[in-house]
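For the sequence shown, the working numbering gives the first residue as 6, with consecutive numbering after it. Glycine included, every Cβ here is placed at the ideal spot set by N, Cα and C.
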Amino acid sequence: MWLVEEQTWDEVADILRLAAHCGRCILPVRLTADDINKHANKTAYLAAPHGLAQLKMVGPHIDFGNGVTFQLFQHGNTLRAIKDEDGFEMDTNPPLPPNHLYRQHRQEHDPPVRSRIGYRPHTGRVRLAARDYAYVSSMVKSLVINHILRTQQHKSTSSLMDRYIDNNRLHTIVTQSPHISVEGCTTTASYRSPDGWPYRHLVLTDAGHPFVARILIEVVEHLNIVCANVTTTESAVSDVGGAFKDRFPQTTRLARAVLGPSSQPGSSTNRQLRLGSSVMPNRQPCRTQLLVGRVAEWRAGAMAAGTHRTDRYTYS
């Protein structure tokens, strides 16, 4: 009975809904005695942030295949996830600068986390450098999203966009509290790359859709533009041309509702530069390596169209 006293399961429920949608768990999740016994008693359960304490019990129900689940391991004073091995550490409440977005919006029950855990089919689950996640459940959701995109065939298109179009819509999405939901999205997850660039997953679908679609917003620092990568497992419409928006109309409609009326996923406009689309069986397109070479072209097009503002697109 102490498991439900004065606590909600919102964060864990959000993770499990996403994992089920991605085919990584089966709902409803029924806790077994082994799950509950991950905590010795009520005192041990309450000693940890409750989102993390709950995840310790339900994590083994998130199945990444080949016997790998989201288990948590206590290794001395260190918390590890997925595998009880070096490199799989989860550093909760890592040191962050005072003005860091994740520190400013830190929540006691679901704190920020730093980890090197990832997934690539050919190189394994540990990255060379750690990412900072806005909160614990954000990390788990990111792992679930990335796993399905690394293991299932999917289609992508990427565009550079002015973060201030449509009444600052994209600027708001990337600067607001990572705990605030985004209209048109079923859930979100935020992290920062090792070099500090902000990213935000915007999941567009849920169990009511027969496919998974998400937008990954990557902020191009100092240029006030973002790279919006739309990725989907939607089946392509037959007998339609090669444009992403024509081949994947349901994903395009969902993405436009989030990105705003000025967005055209899979198409080039004066205020948006299409980076390309792809059908990738096991990996996402590399966006960052395309940005540097294309920003100048994007800025030149914006200036020619009279939409460029010199106070927004300057290096510092």
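Within the same chain, Cβ atoms closer than 6 Å to the Cβ of Leu84 are found at Met95, the five residues on either side in sequence being excluded.
Nearest to Pro199 by alpha-carbon distance, out of Leu101, Thr236 and Gly81, is Leu101. Counting every other CB atom within 10 Å of its CB across the protein chains shown gives Ile41 a total below 16, marking it as exposed. Secondary structure within the segment 37–96: the alpha helix (DSSP H) runs of 4 or more consecutive residues, fully enclosed, are 38–41, 47–52 and 55–63 (chain order). Taking each of Leu154, Ala135 and Arg197 in turn and checking the Cα distance to Arg121, the smallest one comes out for Ala135. Burial is judged here by how many other beta carbons sit within 10 angstroms of a residue's own beta carbon; Asn173 has fewer than 16 and is exposed.
Judged by DSSP in its simplified three-state form, Leu228 adopts coil rather than helix or strand. Taken through DSSP and simplified to helix, strand or coil, Ala241 comes out as coil.
Ranked by how close their Cα comes to the Cα of Asn98, the residues Asp89, Val141 and Phe75 have Val141 in first place. When Cβ pairs closer than 8 Å are counted between the two stretches, the segment 160–176 is seen not to touch the segment 123–138, the count staying below three. Here Thr238 is near Phe216, since their CB atoms are less than 8 Å apart. Taking the Cα positions, Ala24 is about 10 Å away from Asp211.
Partner residues in the beta bridge of Pro203, as assigned by DSSP, are Arg197. Looking from the CA of Leu209, the closest CA among Thr191, Val224, Lys88 and Ile222 belongs to Thr191.
When secondary structure is reduced to three states using DSSP, Ala24 falls in the helix class. With at least 16 other beta carbons inside 10 angstroms of its own, His159 counts as buried. Taking 8 Å as the cut-off, the Cβ atoms of Leu165 and Ile230 count as close. Contact between the segment 242–250 and the segment 178–187 is absent: fewer than three C-beta pairs spanning the two stretches fall below 8 Å.
Non-local C-beta neighbours of Thr256 in its own chain, meaning closer than 6 Å and more than five positions away in sequence, comprise Ala218, Thr237 and Glu239, ordered along the chain.
Gly129 has Arg125 as its beta-bridge partners, per DSSP. For Leu148, the enclosing alpha helix (DSSP H) has its first and last residue at Val141 to Thr156. Each of Gln79, Ala49, Pro116 and Phe93 was checked against the Cα of Leu148, and the nearest Cα belongs to Phe93. For Ile170, the secondary structure class from DSSP, reduced to helix, strand or coil, is helix. The three-state secondary structure of Glu16, taken from DSSP, is helix.
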